[in-house]
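Per the working numbering, the very first residue in the sequence shown carries number 6; after that it's consecutive.
Down below is the structure, laid out as structure tokens.
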Amino acid sequence: MGACMALCSLASCASCLCGSAPCLLCSCCPSSKNSTVTRLVFSFFLLLGTLVSVIMILPGMEAQLQQIPGFCQGGSTIPGLENHVNCEVIVGYKSVYRMCFAMTCFFFFFSAIMVRVKSSKDPRAAIQNGFWFFKFLILVGITVGAFFIQDGTFHTVWFYFGVVGSFIFIIIQLILLIDFAHSWNKIWVGNAEEGNSKCWFAGLLLFTFLHYALALTAVVLFYVYYTQSDNCTEHKVFISLNLIFSVIISIISVLPKVQEAQPQSGLLQASIISLYTMYVTWSAMTNNPNRKCNPSLLSTPTNAPGQVQWWDAQSIVGLVIFLFCTLYASIRSSSNAQMNKLMQTEEGGGGYGGEGEAGKDGVHRAVDNEEEEVTYSYSFFHFHLCLASLYIMMTLTNWYQPDTTTQSMQSTMPAVWVKISSSWLGLGLYLWTLRLRGLWYIVNILHDA
Numbered sequence: 006m007g008a009c010m011a012l013c014s015l016a017s018c019a020s021c022l023c024g025s026a027p028c029l030l031c032s033c034c035p036s037s038k039n040s041t042v043t044r045l046v047f048s049f050f051l052l053l054g055t056l057v058s059v060i061m062i063l064p065g066m067e068a069q070l071q072q073i074p075g076f077c078q079g080g081s082t083i084p085g086l087e088n089h090v091n092c093e094v095i096v097g098y099k100s101v102y103r104m105c106f107a108m109t110c111f112f113f114f115f116s117a118i119m120v121r122v123k124s125s126k127d128p129r130a131a132i133q134n135g136f137w138f139f140k141f142l143i144l145v146g147i148t149v150g151a152f153f154i155q156d157g158t159f160h161t162v163w164f165y166f167g168v169v170g171s172f173i174f175i176i177i178q179l180i181l182l183i184d185f186a187h188s189w190n191k192i193w194v195g196n197a198e199e200g201n202s203k204c205w206f207a208g209l210l211l212f213t214f215l216h217y218a219l220a221l222t223a224v225v226l227f228y229v230y231y232t233q234s235d236n237c238t239e240h241k242v243f244i245s246l247n248l249i250f251s252v253i254i255s256i257i258s259v260l261p262k263v264q265e266a267q268p269q270s271g272l273l274q275a276s277i278i279s280l281y282t283m284y285v286t287w288s289a290m291t292n293n294p295n296r297k298c299n300p301s302l303l304s305t306p307t308n309a310p311g312q313v314q315w316w317d318a319q320s321i322v323g324l325v326i327f328l329f330c331t332l333y334a335s336i337r338s339s340s341n342a343q344m345n346k347l348m349q350t351e352e353g354g355g356g357y358g359g360e361g362e363a364g365k366d367g368v369h370r371a372v373d374n375e376e377e378e379v380t381y382s383y384s385f386f387h388f389h390l391c392l393a394s395l396y397i398m399m400t401l402t403n404w405y406q407p408d409t410t411t412q413s414m415q416s417t418m419p420a421v422w423v424k425i426s427s428s429w430l431g432l433g434l435y436l437w438t439l440r441l442r443g444l445w446y447i448v449n450i451l452h453d454a
């Protein structure tokens, strides 16, 4: 869907300079709701910025730029031309910081101007759902301006912005995964009740078992590679606590009162949350500066100025989860009341994003489904993409902190505690989605005991 829209928008760019979401669709694309198309296009902007960041942080990129005659500052110049591009800024972690700074400012700007938009009748809704060419120019302009920011304390200050923003985004990721798990379970259980129950229930059992098996395998590997008998106490505590918490949420999710309060609750959701919790635990431990407890540091060139090896296993997994959550946030249409409260969306109507109808001429169009009320909070959606930009920055730089004196990147303990605390807060949010009535039942049991 996203690729289709990208191709079609290029073909009809001239007619869509000031147009709205419908002009981004053509006959090769399915009809869709206006709200879905808009979210997909903004997500495409984010993914485009992410792709640029990935390219600029690749090793050897500066050497390739140096080969361009007259491009880099201090290099050979073409007679009669004076180029002053500092190639040290447009590659490596510095380029990632500036690119993500631009995307953060872009989405924060739209988050601010879209506050309290209630329906598509609001004049600001036209800005949200149209003017794509000018939005792209604004993003490009902010990006170009970001590369003129002097080093100074910019990287240090922006690192802490990234830590805070990424902490919140990890929670949002978990909320999206919880919502996805609830929707997955609801659809498959519904299919089981309508058709071949054995097949669908077997599928649910298979994936639930697979998730738990992967989570348990991860725990074993964590104890083997990230702990030592006489060292790494923090890691032992992290692994043990999150293992215990995963067992607790699994038991709670199938209690009778919880099932009564939240009929769609089950082990499938708990298994997905447990597996994600183990990923966050792993990601946290890879930021421990203690080399004895962090084998990933043994092969990471953290002391090389401007270089960060982001393509290790946990960063790649984090990027994949990010891409999935970004796409899901763009097309989600949930009927889960608790999730909608957290994500500031309305109850969905018919599938992920739904489909509009083709016009009488057979042309597929985006249907305005927000004339009475918006289906999602415009402001919160942009704030989510703003946080996602910070999360991408931290992921591509391995959560390492810039050292202004040596111009290198170093792993730090604050990143460890941010990730671990976000996993605990996320587990608490999952319990909240099981409905308060079920949780009060659990509290009463503990009180009586």
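For glycine and all other residues, C-beta sits at the position ideal for the given N, C-alpha and C.
- Taking the Cβ atoms as the reference, Phe329 lies roughly 15 Å from Arg44, outside the contact range of under 8 Å.
- DSSP links Tyr381 through a beta bridge to Thr350.
- DSSP places Val194 inside the alpha helix (DSSP H), whose first and last residues are 159 to 199.
- The segment 254 to 262 makes no contact with the segment 419 to 429: fewer than 3 CB pairs, one atom from each, lie closer than 8 Å.
- Between the C-alpha atoms of Ser276 and Ser124 there is a straight-line separation of about 38 Å.
- Contact between Ile249 and Val224 fails: their C-beta atoms lie close to 11 Å from each other, not under 8 Å.
- Taking every protein chain shown into account, the CB of Leu215 has fewer than 16 other CB atoms within 10 angstroms, so this residue is exposed.
- Its chain contains Met104 as the residues whose beta carbon lies nearer than 7 Å to that of Val57, once the 5 sequence neighbours on both sides are disregarded; these appear in chain order.
- Just measuring C-alpha positions, the residue of Trp193, Gly200, Tyr217 sitting nearest Gly208 is Trp193.
- As a beta-bridge residue in DSSP terms, Gln415 pairs with Gln406.
- Look at Gln274 here: in three-state DSSP terms it is helix.
- Distances from the CA of Pro300 to each of Cys237, Asp184, Ile175, Pro128 were compared; the closest alpha carbon is that of Cys237.
- For Val101, the closest of Ile118, Ser48, Thr55, Lys297 by C-alpha to C-alpha distance is Thr55.
- Taking C-beta separations shorter than 6 Å and ignoring five residues to either side along the sequence, the partners of Leu392 in its chain run Gly170, Ile173, Phe174, following chain order.
- An exposed status is given to Pro261, since fewer than 16 other beta-carbon atoms sit within 10 Å of its beta-carbon.
- Its chain contains Ser40, Val122, Lys123, Ser124, Ser125, Ala130, Glu351 as the residues whose beta carbon lies nearer than 8 Å to that of Val379, once the 5 sequence neighbours on both sides are disregarded; these appear in chain order.
- A straight-line Cα-Cα distance of about 14 Å links Asn292 and Pro407.
- Within the DSSP bridge table, the entry for Asn236 names Gln233 as partners.
- Beyond the five residues adjoining it in sequence on each side, Trp163 comes within less than 7 Å, by CB distance, of Tyr102, Phe106 in the same chain, given in chain order.
- In this structure, Ala186 sits near Ile278, with a CB-CB distance shorter than 9 Å.
- Taking Phe114 as reference, the option from Ile147, Asp127, Lys99, Gly97 with the minimal CA-CA separation is Ile147.
- Where Leu142 is concerned, the enclosing alpha helix (DSSP H) starts and stops at 137 to 151.
- Phe112 sits close to Phe47, with the two beta carbons spaced by under 9 Å.
- Secondary structure at Cys204: helix, using DSSP grouped into helix, strand and coil.
- The shortest C-alpha to C-alpha distance from Asp317 to any of Cys110, Ser288, Arg337, Pro294 is the one to Ser288.
- Taking the CA atoms as reference points, Ile397 sits about 32 Å from Gly271.
- When the five nearest sequence neighbours on each side are left out, the beta carbons in the same chain lying within less than 7 Å of the beta carbon of Ile177 are those of His389, Leu392, in order along the chain.
- The criterion of a C-beta distance shorter than 9 Å is satisfied by Leu401 and Ile62.
- Ranked by Cα distance from Thr109, the first of Leu273, Tyr405, Ile143 is Ile143.
- Burial state of Arg296 is exposed, judged by a 10 Å Cβ sphere holding fewer than 16 other Cβ atoms.
- Taking 9 Å as the cut-off, the Cβ atoms of Val168 and Pro419 count as close.
- In the three-state reduction of the DSSP assignment, Leu434 falls in the helix class.
- Between Gly97 and Gln415, the alpha-carbon positions lie close to 14 Å from each other.
- Between Glu239 and Val120, the C-beta gap is not smaller than 9 Å, which leaves the two residues out of contact.
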